[in-house]
Amino acid sequence: MGAQICFPVEYLPLEEAWSLFKKTAGDSMEENLELRPIAIQVVEECEGLPIAIVTIAKALKDETVAVWKNALEQLRSCAPTNIRAVDKKVYSCLEWSYTHLKGDDVKSLFLLCGMLGYGDISLDLLLRYGMGLDLFDRIDSLEQARNRLLALVEILKASGLLLDSHEDRHKFDEERASSSLFMDADNKFVRMHSVVREVARAIASKDPHPFVVREDVGLEEWSETDESKRCAFISLHCKAVHDLPQELVWPELQFFLLQNNNPLLNIPNTFFEGMKKLKVLDLSLCILQHYHHHLIPLQISEHCVWMGASWETLL
C-alpha cells in the first residue's frame, strides 16, 4: 500500500466524547431509555477518538435499537489491524460505517475516492470515472449522472466518510474548467480524511478483485504477481520507470491510473492488450511526448473511457 503515514491522534475525556457523540447523533436518543445505555457503551468503545465518535454517531443516527446493538458488538469484537497509522477502534468504526452504507454504488464510490491520492478529489473526475465504470444504474443522460453522483457524495458526507473541500472554486484550472462537467457546482471538489483513506484502501485490498494503490514500485516485478492479476482497480505511481513492459496480463482490470513524471516514458504498442476488461484508462498524470489512440486495442477502445496526457472531451 506504499509508505505508511503517521497521523496525530487526539483523545477526548469521556464527558467531552459523550457531548460530541450527542451533538452528532442527536440529543433525542437520551429520551430513549433502551437506547441511552447502549449509546454510552458505544462511546466508551470509541476510546475518546474524535474521528471514530463522529463517524459512528453519523452512521447510527435515527437507526433502530437492533442496529445500535449490532454496532456495539462489532466494536467490541474488532480485530487488530496491520495498518500502523490507524487505531483499531477507528478502523472498526469506519469499516462498520462502510458496511452499512445502503447500495453498492455508494460503496464503490467510497472505495474509488480512497484510491485517488491525497488532497482534494475532483467531482469532474469522479463523474468521468463513474460513468466509465457503469457505477450509476439506470442513467439515461449526463444530467442524471451528475445528480446521481452528487446524491452519493452527500450520503458519504452525511456518514462522515467524505468532507467538504477547502479548494477555492475560482482557482479551478482554466484548461480543465473548459471541459468540466460540473460548471454550475458550488464546489467542484471533495476531500477524504487521511485516516479514512487508509481504511478505504485496506477494505478495498481485501476484495476478491481488489483495488490496489502502489507507490514508487518496480512495475515489471509487481506486474507478474498473483495479486496484480486479480486486481480490478489499479493506481500506480511509478516515478522512476523509463520503459513499460511490452504487455501486462491483467485479465480482471477495469480501472487503470498511471502516474509518471518522466517525459521519455515509452508506452509499447502492445502494452494494453492483456487488459480485455478495461473500462477506464487515465494517463493524464503522465508526462508523455507522444501518445496515440491506436495504443489501445480496438476491442478495448470501443468501451473504454480514457484520458491522455492532455485533457480531452470524453462526452
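Note that the UniProt record's numbering has the sequence shown beginning at 1, numbered continuously upward. Heads up, the beta-carbon is just placed ideally off N, CA and C, and yes, glycines get one too.
Is the beta carbon of Cys-286 sitting closer than 9 Å to the one on Gly-132?
Residue 286 sits at position 286 when you count from the first residue of the sequence shown. Residue 132 sits at position 132 when you count from the first residue of the sequence shown. Result no, Cβ atoms of Cys-286 and Gly-132 do not sit closer than 9 Å.
Residue 326 to Thr-24, Cα distance in whole Å?
Limits of the chain in this structure are 1 at one end and 315 at the other, which puts residue 326 out of reach.
Gln-259 - partner residues in DSSP beta bridges:
The residue labelled residue 259 in the question sits at position 259 within the sequence shown. Looking at the DSSP assignment, Gln-259 forms a beta bridge with His-237, Leu-285.
Ordered along the chain, which non-local residues of its own chain (more than five positions away) have a Cβ less than 8 Å from that of Ala-145?
What you label residue 145 is simply residue 145 of the sequence shown in a count that begins at 1. The answer, listed in chain order, is Leu-127, Gly-130, Met-131, Phe-136, Ile-139.
Tell me which residues share the same chain as Ile-56 and place their Cβ nearer than 6 Å to its Cβ, disregarding the 5 neighbours each side in the sequence.
Residue 56 sits at position 56 when you count from the first residue of the sequence shown. Within the same chain, Ile-56 has close Cβ partners Cys-93.
When burial is assigned at 16 or more other CB atoms within 10 Å of the CB, is Tyr-91 buried or exposed?
Translated into positions along the sequence shown, residue 91 becomes position 91. Result: buried.
In angstroms, rounded to a whole number, what distance separates the CA positions of Arg-197 and Leu-112?
The residue labelled residue 197 in the question sits at position 197 within the sequence shown. The residue labelled residue 112 in the question sits at position 112 within the sequence shown. Approximately 10 Å between the Cα atoms of the pair.
Using only the alpha-carbon positions, how far apart do Ser-228 and Leu-35 sit?
As a first step, residue 228 must be located in the sequence shown, where it is residue number 228. As a first step, residue 35 must be located in the sequence shown, where it is residue number 35. Approximately 46 Å, taken between the alpha carbons.
What is the DSSP secondary structure of Asp-124, reduced to helix, strand or coil?
Against the sequence shown, residue 124 aligns to sequence position 124. If DSSP states are grouped into helix, strand and coil, Asp-124 belongs with the helices.
Give every residue of the same chain whose Cβ lies closer than 7 Å to the Cβ of Ser-122, excluding the five residues on either side of it in the sequence, and list them in chain order.
For the purposes of this step, residue 122 is taken as the residue at position 122 of the sequence shown. Once the five neighbours on either side are set aside, the close Cβ partners of Ser-122 are Lys-188, Phe-189.
Take Leu-281 as the anchor and find which of Ala-39, Trp-306, Gln-259 has the nearest alpha-carbon.
Position 281 of the sequence shown, counted from the start, is the residue given in the question as residue 281. Distances from the CA of Leu-281 to each of Ala-39, Trp-306, Gln-259 were compared; the closest alpha carbon is that of Trp-306.
Which listed residue (Lys-107, Ser-159, Arg-214) has its alpha carbon closest to that of Val-54:
The residue given as residue 54 occupies position 54 in the sequence shown. Per the Cα distances, Ser-159.
In terms of residues, what are the limits of the beta strand (DSSP E) holding Arg-191?
Taking the sequence shown and counting its residues from 1, one reaches residue 191 at position 191. For Arg-191, the uninterrupted beta strand (DSSP E) segment begins and ends at 189-191.
Pairwise C-alpha distance: Leu-248 and Ser-165:
Against the sequence shown, residue 165 aligns to sequence position 165. Against the sequence shown, residue 248 aligns to sequence position 248. Going by the C-alpha atoms only, they are around 36 Å apart.
Ser-108 burial status per 10 Å Cβ neighbour count (16 or more: buried):
In the sequence shown, the residue the question calls residue 108 occupies position 108. So Ser-108 counts as buried.
Using 9 Å as the limit for Cβ to Cβ distance, is His-209 near chain D?
Within the model displayed, chain D is absent; a lone protein chain is all it includes.
Taking C-beta to C-beta, are Phe-255 and Lys-279 nearer than 9 Å?
Residue 255 sits at position 255 when you count from the first residue of the sequence shown. Residue 279 sits at position 279 when you count from the first residue of the sequence shown. A contact, by the Cβ cut-off of 9 Å.
Would Leu-163 pass as a contact of Ser-97 if the rule is Cβ separation under 9 Å?
The count along the sequence shown starts at 1 and reaches residue 163 at position 163. The count along the sequence shown starts at 1 and reaches residue 97 at position 97. No, the Cβ-Cβ distance between Leu-163 and Ser-97 is not below 9 Å.
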